[in-house]
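Trainee: Below is a structure I'd like to ask you about.
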Amino acid sequence: MHFRLVGLLLAACVAAPGATVALDDPGLLVLSFNELAPGEEITEQTYLAAGVILRPGPLSPPGSRIVASTPARDGTPGPCDGSIAVTTDPFDHASIMIELVRPVSNVVSLEVGDFGPSDPDRVTVCAYTDASLDTLLECRFRQLGTDIGNECVTFEFRAMPVGAITIESQSVWSPSQNSFYIDNLVLDGECDGAEVVAMRQDDPAWAGDPLGETGGTIGDLGSQLTSLAMVVDTFGAEVGVDADPGLLGSLLAAEDDGFVGPIANPFAVVRVARRLGVPIGYRGSRTGASADVAFDAVCFDREPLAVGLDTTAVEGPDHWVVVRDQAVQDDEVAWAIADPAGRADRLGEPPYGPAFDASLRFSRGDGEPALAVAADGGIRFAMADEDCRQVGEAQEAPGGVLREFAGPVYVTEAVSSLVDPATSPPPVHRLEWLGARRGRFVVRAWADAPADGGMLVGAWDGAGLGPSVRLPLAVGPDRRAVIEIDYAGPPRGPLDVSVYENREPQVAARGGGVFECRDGVGRVVLESLSTDPDCDVLDHAWTGPFLEGGGEAHGRLVELSFPVGEHVTELRVDDGLVVAGPERVLVTVEDTMPPSGRIVFPRDGDCLNGPVTIRDVFDDVCDDALDRLYEPGPGPTYVDEGLWHVTLTATDDAGLAAVDDVLFVIDDTPPFVEVHAPPLEPPGSPPAQLDLGDWIVSHDEDAAPGRVVRERLYVDDCLVLDGDADGDGDGLLVDESIPVSRPFLCMAARRCQRLEYDHPRIRFVAEDCTGQQGSDEDVIDGFYVFDERDCP
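Position in the sequence shown (first residue = 1) + 1290 = the numbering used here.
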C-alpha cells in the first residue's frame, strides 16, 4: 500500500512527484518520501514534511514496522502518479497513522494505492480529532480490485482540525454479504485474555427492563446493550466488578447522552464503567461492507469486541454479538461469538453466514434465522422444518432483496434454485462454453443420468457458485443436453455442472373427519404434510366437491366448504418435475342440531279480528329454509271466528324438528245492544224507579267465545255511567242494581251540568274483547226540570 496526503484550500493543486512543500504554503501539503532509501525503517521520530508524524496504526499487528519501498515490489510504477510506497509488515494487514501536529487546510485529500496480493483488498481511512484516537470524526472505506498495483483511490475530509488520520488495508474475508459494525472497547493497559461470560438479552433478571426512552425493553431491543455489558463485565472481572445489561442500562439511563434511541452511546459506557472502577477506553466505531472487518484489532485475540450485524435490507446494524475468540477450522479462520439471542456460536455459520458465497444463496438454520439473498431473477422460498416439511406458504421475493427468516428455510424453484457444494455431490460433468446467445451464456452438458428423470443442474466456477436451474432435461442416447444459464458477465473460471436425479415428493395430508354443518356447509381446514427428499418447494393441489374454486384449491393449508354428506378430497403435490399423489381425505359434514325458535304472534289468549297470520322466529344453524307444518292446517293464516289452538312444527332437511303452539280467539261480530225507554210519568214528575237491566239488553253471544267487556251509558251524548268506573268496576252495567230514578237523573244533571232535559236521548254502548262496539238508543218523552234542592 502507498499513499499521498494532500491538503486543499479552495481548489486542487498539483505538485510534481516527490516534491516537498512547506506547511506555510496555504494551498498544498504533499508528503513525499524520496529522502528515504527503499527498505529504510520509518520511526515515530521521523518527521516527513513540517508538522506531520508517520507511525504504525492502532490496528497493526504487534511488532509491525513501517518501511519505505519502491512503488511496487516488482519495480513497476505505482497507480498513484508515481508517488513512493510505504508498507508495513506483515503485508496482509497494513495500518498507518498520520498525526497532524498543526491544522491543515480546509480539505485533506488522501490518495491510496494497492500493492497487495491478488486477493481483493479494502482500504479504510478514519479521521480523529487527536492522536489518541478518542474522538472519531468519520470513516471512509473503498474496495480495491484483484489485480496488483492498478488502482488508486482518493479520500477527502473537510474542515480537518489538528488530529490524526489512520489508513488501514486488509485482505478481504467474506463469510457472508452482511455488513459489520464494531464497538471496540479496549482495556487501558495490557491484554490479559479474560474469559467472556455469555449473557442473554432475554434473561428474566433484566429482559423486562426499559431500554432508554424507546418504550422497548432489553429483551426486545437490547442486543447491543447486552453485548457491551459482556465486554464491560469481561474487563471488570479483573478488578472485581460485575456488570450486566440491567445495571449498565440503568446507569446509562441516568446519563444525558446514555442512549441514542435503543443504541447505547459507547462514550457514555466508558464513563459509567470507569466510575465503577473498570479502566476501559473507546476506539470508536468502524463500518464495513461485505463483512470486510479487521477482527484482528488491538489485542483482539485476548479482548472481546461488540460487533453489529447488518442482516436486513435496511441499512444499519439490526443485531449485535460479542466476538470473543479466533480459531482456525478446516484451514479457515472462524470467529467464536457470544450471541445475546443465543442463535449462533460462530460468525460465518448460520444464521450469520451462508454455507457458500454466491449471487443467489440460502442457508438452512436449525430452528433459527436463516439468510437468503435474491439474485436478479428473484427467489421462491418457503419455511420448512428439520425434515424439509413445508410449514409456511411459498412466497416470492424480487431480485436484489435481502431477507431474514425466523426459522429453517429452503429456497428452490426455477432459476433461483441453488445447490450447496458443501452438501451436494461434487461436480462430475464438464461444461463446454458455446458463447453468448441472446444475452445468455450457453453451455453444453453431458448428463450421466436416467433419460426419463427430471434433473437439478447446478453450475459454479472457480470464484463462487453461479446460478442453478431446475429443469426436466431431454437427455438423448448420448446423454447430451444443451443448458442455457444466465450470467451477469463471462464466467470467472471453468464451469462445472452436476446433474442430479429428481426424487419424488412424499404425499401426506390431515384434516379429515366429521364436522357440524353451519349455514348450509361444513367448513374444514385441510393441511398438507407432504415432504420432498430434495427439499423442493412444492405446489399443493386439492380437488374435490368443495364449493371454492370450482372444486380446485392450492396451498399447504386451505379452508374449504363442503355440503352435508360424505366427500372424498384428493391432494397432489408437484415439485416442478413430478406430480405425486393422490392422497385421499374423507370429509363428513353432518347436521345434528334441530331448529330453534318460537311463535311470536299471536300471543296466548289474544282476542283478534280476523284474518290472523301466525309469525315465528324458527331458524337452523345449517338450513336456511325450514319446512313448517300447522295443525289445524293449512295455516299460517286463519279467518273464521272462534277459538283457535294452533301447533307449529318446524323441520330441517335432516328431519330434526322443533314445536310450539298458541291459543287465540278470532271475533269479528260486535256485541248486541237494545234500549227500551222507561215508562212515561205525568208531566213534571221523574220516571219510575227501574234497574238498567229492566230496560237495556246487552250481550256478545256469537260464534266466538267471550263476552261484553265494557258498557257505557250516555244521556244526550254525555257520559253518565261507565262500567270500568261505576258499580263494581268489572266493566259491565246491566248486571248492576243501578235504579233509574230521581237520584240517577240528578247524577246526570250534575255530571253533564244541566238542570233541564227536553225529551232526553238515552244511548247505551257495549264493547267486546277485540274493541268492536254495539250500541242502541231511545228517547224518554217529556220535559224535565231540576232544582238543586231536588237533588241531595
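Cβ coordinates follow ideal geometry from the N, Cα and C atoms, glycine included.
Could you name the residues of the same chain whose beta carbon sits closer than 8 Å to that of H2049, not counting the 5 residues immediately before and after it, in chain order?
Mentor: The residues are V2069, I2070, D2071, G2072 and F2073.
Trainee: Find the nearest neighbour of G1855 within the set G1841, F1836, H1844 and A1870, judged by alpha-carbon distance.
Mentor: Residue F1836 is the option with its Cα nearest to G1855.
Trainee: Report the start-end ranges of each beta strand (DSSP E) in the stretch 1865-1907 that is 3 residues or longer and not cut off at the edges.
Mentor: Within the stretch 1865-1907, the complete beta strand (DSSP E) runs of at least 3 residues are 1869-1880, 1889-1891 and 1896-1898.
Trainee: By Cβ distance below 7 Å, which residues in the same chain neighbour D2066 in space, the five residues on each side in sequence not counted?
Mentor: Answer for D2066: V1963, E1964, V1965 and F2054, listed in chain order.
Trainee: Please confirm if the stretch 1875-1886 is in contact with the stretch 1921-1928, defined as three or more CB-CB distances below 8 Å between the two stretches.
Mentor: They do not touch, by the three-pair rule.
Trainee: My assumption, with CB atoms under 8 Å, is that A1870 sits in contact with P1795. Please give the rounded CB distance.
Mentor: Right, the Cβ-Cβ distance comes to about 5 Å (below 8 Å), so this counts as a contact.
Trainee: Within 10 angstroms of its Cβ, does F1891 collect 16 or more other Cβ (buried), or is it exposed?
Mentor: Classification for F1891: exposed.
Trainee: Based on the DSSP output, what are the partners of P1494 in its beta bridges?
Mentor: Beta-bridge pairing links P1494 to no other residue.
Trainee: Look up S1818 in the DSSP assignment and give the residues it is bridged to.
Mentor: In DSSP, S1818 forms a bridge with A1799.
Trainee: Measuring alpha carbon to alpha carbon, tell me which of V1911, A1488 and G1536 ends up nearest A1944.
Mentor: For the residues V1911, A1488 and G1536, the minimum Cα distance to A1944 belongs to V1911.
Trainee: From the DSSP output, in three-state form, read off G1840 for me.
Mentor: Note: G1840 maps to helix in three-state DSSP.
Trainee: Helix or strand or just coil, what does DSSP make of D2012?
Mentor: Looking at D2012 - three-state DSSP - the assignment turns out to be strand.
Trainee: With distances taken Cα to Cα, identify the nearest neighbour of V2075 among D2006, L2045 and T2060.
Mentor: Residue L2045 is the option with its Cα nearest to V2075.
Trainee: Excluding five sequence neighbours on each side, which residues of the same chain lie with their C-beta closer than 6 Å to the C-beta of M2037?
Mentor: Excluding sequence neighbours, M2037 sits near nothing in its chain.
Trainee: Going by DSSP in three states, F2076 sits in which element: helix, strand or coil?
Mentor: Three-state result, F2076: coil.
Trainee: Could you tell me whether the Cβ atoms of L1953 and I2028 are closer together than 8 Å?
Mentor: Not closer than 8 Å, so no.
Trainee: Expressed to the nearest angstrom, what Euclidean distance is found between the alpha-carbon atoms of V1987 and D1894?
Mentor: Going from the Cα of V1987 to the Cα of D1894 covers about 31 Å.
Trainee: Which value, in whole angstroms, describes the spacing of the CA atoms of H1857 and S1818?
Mentor: Cα-Cα distance, rounded: 17 Å.
Trainee: Where E1238 and R2002 are concerned, what is the direct C-alpha to C-alpha distance, given to the nearest angstrom?
Mentor: Since the first residue of the chain shown is 1291 and the last is 2082, residue 1238 is not available in this structure.
Trainee: At the level of alpha carbons, what is the spacing between D1909 and D1917?
Mentor: Straight-line Cα distance between these residues: approximately 11 Å.
Trainee: At the level of alpha carbons, what is the spacing between A2015 and D1951?
Mentor: So the alpha carbons of these two residues sit roughly 36 Å apart.
Trainee: Considering Cα atoms alone, identify which of P1552, L1515, R1862 and S1851 is closest to D1629.
Mentor: Ranking the options by Cα distance to D1629, first place goes to L1515.
Trainee: Would DSSP call L1692 helix, strand or coil?
Mentor: The pLDDT assigned to L1692 is 40, lower than 50, so where the model puts this residue is not dependable; a value taken from the coordinates is nonetheless given after this. Here L1692 sits in strand by DSSP.
Trainee: In whole angstroms, what separates the C-alpha of I1889 from that of V1815?
Mentor: I1889 and V1815: Cα-Cα distance of roughly 37 Å.
Trainee: Determine the burial state of D2007: buried for a count of at least 16 other Cβ atoms within 10 Å of its Cβ, exposed for fewer.
Mentor: Its Cβ having fewer than 16 others within 10 Å, D2007 is exposed.
Trainee: Following the continuous alpha helix (DSSP H) through Q1514, name the residue where it begins and the one where it ends.
Mentor: S1513 to G1526 is the extent of the alpha helix (DSSP H) around Q1514.
Trainee: Does P1924 come out as helix, strand or coil in the three-state DSSP assignment?
Mentor: In this structure, P1924 counts as coil in the three-state DSSP scheme.
Trainee: Does the separation of the CB atoms of I1956 and W1985 fall below 8 Å?
Mentor: Not in contact: I1956 and W1985 (Cβ atoms no closer than 8 Å).
Trainee: Looking only at its chain, what residues have a beta carbon closer than 6 Å to the beta carbon of D1896, apart from the 5 residues adjacent to it on each side?
Mentor: Result list for D1896: F1954, in chain order.
Trainee: Exposed or buried, G2064, counting other C-beta atoms within 10 Å across all chains shown (16 or more means buried)?
Mentor: That one is buried.
Trainee: How would you call R1614, buried or exposed, if buried means at least 16 neighbouring beta carbons within 10 angstroms?
Mentor: The residue in question, R1614, is buried, as its Cβ has 16 or more Cβ neighbours within 10 Å.
Trainee: DSSP on R1636, reduced to helix/strand/coil?
Mentor: Three-state result, R1636: strand.
Trainee: Note down, in chain order, each residue of its chain lying with its Cβ closer than 6 Å to the Cβ of D1547, except the 5 sequence neighbours on either side.
Mentor: Here the set comprises N1555 and A1558.
Trainee: Could you tell me the alpha carbon to alpha carbon distance between D1523 and A1626, rounded to whole angstroms?
Mentor: So the two alpha carbons sit approximately 18 Å from each other.
Trainee: Going by DSSP in three states, A1628 sits in which element: helix, strand or coil?
Mentor: Looking at A1628 - three-state DSSP - the assignment turns out to be strand.
Trainee: In angstroms, rounded to a whole number, what distance separates the CA positions of D1865 and D1499?
Mentor: Whole-angstrom Cα-Cα distance: 48 Å.
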